[in-house]
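A.B. asks: Note that UniProt numbering has the sequence shown beginning at 1, numbered continuously upward.
The structure follows.
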Amino acid sequence: MVQPEQKRSYGNPSSTPKSRGGGGGGFGNVYDKARRRNEACFGELADPALDDDFDFEGNLALFNKRALWEQIRNSHKPDVVRQADDVGKFRHDENVLGGAPPAPRCALRLPDALRGPADYVTDSGLLLPAAAPRLRARLWAGLARAGLRPAAAALLARAAADVALRLAGGGRRLDPRNAHQAPTVVALAGPHAAGAVALQAARLLAAHGARAAALLAAPAPQPEPALARELAALAPAGVALAREAADLPSPDVVLLALYEPQLDEAQEQYAAALGWAARARGALVALEPPCAGWEGLATRAAVLGGLPAALAPSLGAQYLANVCVPAALFEELQVEYRPPFGASAVLALHLATDAD
């Protein structure tokens, strides 16, 4: 007769496990050790130790950090060749590799007779001495002689438009969703090449979505070719040309181009335009202004091309535009020039101090 198969005791809590390695109660000894260890750690005997507060200050006083660092620094194996102790130590944020030689701080050197009474410094620390007015006039004359005046004027107009955009509020004011808040720009232009730059800047600003208007501040007895071209281009670009200052809109930014460095003419003929600009509530930006500025008129910024000038404080911050002056022209003018612009087309200049 076949005996029925006995049921296995896997998982049966009433079954007694068999000990391994001979002798019963092997698992019991393990359980007893665990029970005694738990009672020693968490039982009543450990309550006094758990009730005591840990003395952090006393424990920290036992740690001598300086002695530990000395021990680590002085401990070495006899077969290790140590470097001299006077070798410089570097922090984690210091560069241990030698870098390229620093660039010269002075990016422009002028003859003493052609220097202005001020020096300027860029945001990157380059020093730029101011040029005398006659040197700047010779610079623009050289550009015209080389046939580069129109290209330089376009770059100067672009720089003036960029500065005007910053003062008008930038992208916030020109966002398509804020078309009803588009800034208004007015260009006051003289009858010369510098005035043509202001008209070109007004066209650029109109292409950005600004409302632009212009005024020829004085009649042109012999129209400048560049000025005639810009006057003809205003209407197709959507720039309104006013006949007199009273017809101009209320501006956010005013471009003043009433002075031509090559002509160095008197500014009395622009009294009406200057009076309107003084009453305007917008920010004034001067293009190639006279070094002394205009009496009773303060501007927010002045934009110059090629070389900086020693401007009066009333003309505000000075911005230098890269107008691509050829190196041969700088050599002709006895100017040692190293391009200070880097990746920028316009540099903000700050009056240098004794520390610079």
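Just so you know, even glycine gets a beta-carbon here, dropped at the ideal spot from N, CA and C.
Would a C-beta distance cut-off of 8 Å place Pro-308 and Ala-153 closer than the cut-off?
C.D. replies: No, the pair does not count as a contact, with Cβ atoms beyond the cut-off.
A.B. asks: Where Gln-334 and Arg-149 are concerned, what is the direct C-alpha to C-alpha distance, given to the nearest angstrom?
C.D. replies: Gln-334 and Arg-149: Cα-Cα distance of roughly 20 Å.
A.B. asks: How big is the Cα-Cα spacing for Ala-280 and Leu-315?
C.D. replies: If you take the alpha carbons of Ala-280 and Leu-315, they lie about 16 Å apart.
A.B. asks: Based on DSSP bridge pairs, tell me the residues matched to His-350.
C.D. replies: Paired residues: Val-121.
A.B. asks: Taking Cβ to Cβ, would you say Ala-201 is nearer than 8 Å to Ala-160?
C.D. replies: Yes, Cβ-Cβ distance for Ala-201 and Ala-160 is below 8 Å.
A.B. asks: Is it true that the CB of Ala-273 sits closer than 8 Å to the CB of Ala-245?
C.D. replies: Yes, the Cβ-Cβ distance between Ala-245 and Ala-273 is below 8 Å.
A.B. asks: Out of Leu-174, Ala-107, Ala-228, Ala-217, point me to the one whose CA is closest to Glu-268's CA.
C.D. replies: Among Leu-174, Ala-107, Ala-228, Ala-217, the Cα nearest to that of Glu-268 belongs to Ala-217.
A.B. asks: Check Pro-129 in the structure and name its three-state DSSP category.
C.D. replies: Strand at Pro-129.
A.B. asks: When you compare only the Cα positions, how much space is there between Glu-336 and Arg-243?
C.D. replies: Those two C-alpha atoms are separated by around 45 Å.
A.B. asks: For Gly-282, is the classification buried or exposed, using 16 other Cβ atoms within 10 angstroms of its Cβ as the cut-off for buried?
C.D. replies: Gly-282 should be labelled buried.
A.B. asks: Tell me the rounded alpha-carbon separation between Pro-289 and Leu-114.
C.D. replies: Approximately 18 Å between the Cα atoms of the pair.
A.B. asks: Let me know the alpha helix (DSSP H) ranges lying completely inside the stretch 136 to 206, each 4 residues or longer, listed in chain order.
C.D. replies: Qualifying alpha helix (DSSP H) stretches, in chain order: 149 to 168.
A.B. asks: Can the beta-carbon of Glu-295 be found closer than 8 Å to that of Gly-190?
C.D. replies: Result no, Cβ atoms of Glu-295 and Gly-190 do not sit closer than 8 Å.
A.B. asks: With C-beta atoms as the reference, is Leu-349 less than 8 Å away from Leu-128?
C.D. replies: Going by C-beta atoms, Leu-349 is nearer than 8 Å to Leu-128.
A.B. asks: If you draw a straight line from the C-alpha of Lys-18 to the C-alpha of Ala-67, how long is it?
C.D. replies: Because the pLDDT at Lys-18 is just 49, under 50, the model does not fix this residue reliably, and the point stays unresolved.
A.B. asks: By the DSSP assignment, the alpha helix (DSSP H) with Gln-71 in it spans what residues?
C.D. replies: First-last of the alpha helix (DSSP H) with Gln-71: 65 to 74.
A.B. asks: With Ala-233 as the anchor, note down where its alpha helix (DSSP H) starts and where it stops.
C.D. replies: 225 to 237 is the extent of the alpha helix (DSSP H) around Ala-233.
A.B. asks: Report the partner residues of Cys-106 according to the DSSP bridge assignment.
C.D. replies: Cys-106 pairs with Leu-127.
A.B. asks: Hey, would you say Arg-173 sits closer than 8 Å to Ala-164, going by beta carbons?
C.D. replies: No, the Cβ-Cβ distance between Arg-173 and Ala-164 is not below 8 Å.
A.B. asks: When you compare each of Cys-291, Ala-212, Val-254 to Ala-266 by their alpha carbons, which one comes out closest?
C.D. replies: When only C-alpha atoms are compared, the closest one is Cys-291.
A.B. asks: Buried or exposed for Arg-138, going by 16 or more other Cβ atoms inside 10 Å?
C.D. replies: Buried, since its Cβ has 16 or more Cβ neighbours within 10 Å.
A.B. asks: Going by C-alpha distance, which of Gly-195, Gly-305, Asp-123 is nearest Pro-326?
C.D. replies: The option with the nearest alpha carbon to Pro-326 is Gly-305.
A.B. asks: Curious, which full-length alpha helix (DSSP H) runs of at least 4 residues does the stretch 230 to 310 contain?
C.D. replies: Those alpha helix (DSSP H) runs which fall completely within the stretch 230 to 310 and span 4+ residues are 271 to 279.
A.B. asks: If you drop the 5 nearest sequence neighbours on each side, which residues of the same chain put their C-beta closer than 6 Å to that of Arg-109?
C.D. replies: Around Arg-109: Glu-336.
A.B. asks: Could you name the residues of the same chain whose beta carbon sits closer than 8 Å to that of Tyr-319, not counting the 5 residues immediately before and after it, in chain order?
C.D. replies: Once the five neighbours on either side are set aside, the close Cβ partners of Tyr-319 are Ala-159, Val-163, Ala-301, Ala-302, Val-303, Leu-304, Val-346, Leu-347, Ala-348, Leu-349.
A.B. asks: Leu-215 bridges to which residues according to DSSP?
C.D. replies: Answer is Leu-188, Ala-242, bridged to Leu-215.
A.B. asks: Quick check: the Cα distance between Thr-353 and Pro-225, rounded to an integer number of angstroms?
C.D. replies: Near 42 Å, if we compare the C-alpha coordinates of Pro-225 and Thr-353.
A.B. asks: Measure the C-alpha to C-alpha separation of Asp-123 and Leu-62 and round it to an integer number of angstroms.
C.D. replies: Those two C-alpha atoms are separated by around 51 Å.
A.B. asks: Flag this pair as yes or no: are the beta carbons of Pro-340 and Leu-126 separated by less than 8 Å?
C.D. replies: It is a contact, given that the beta carbons lie within the stated cut-off.
A.B. asks: Less than 8 Å between the beta carbons of Pro-236 and Thr-184, yes or no?
C.D. replies: No; because the gap between Cβ atoms is not below 8 Å, this pair is not in contact.
A.B. asks: Helix, strand or coil for Leu-114? Go by DSSP, reduced to three states.
C.D. replies: Leu-114 falls in the helix class under three-state DSSP.
A.B. asks: Would you call Trp-69 buried or exposed, if buried means 16 or more other Cβ atoms sit within 10 Å of its Cβ?
C.D. replies: Exposed.
A.B. asks: Do Leu-215 and Leu-248 come within 8 Å of each other at the CB atom, strictly closer than that value?
C.D. replies: Cβ distance < 8 Å, so Leu-248 and Leu-215 count as in contact.
A.B. asks: Could you check where the beta strand (DSSP E) with Leu-320 kicks off and where it finishes?
C.D. replies: First-last of the beta strand (DSSP E) with Leu-320: 317 to 321.
A.B. asks: Excluding the 5 residues preceding and the 5 following Val-323 in the sequence, name in chain order all residues of the same chain whose CB lies nearer than 6 Å to its CB.
C.D. replies: Only Ala-152, Leu-155, Leu-156, Gly-305, Gly-306 meet the Cβ criterion.
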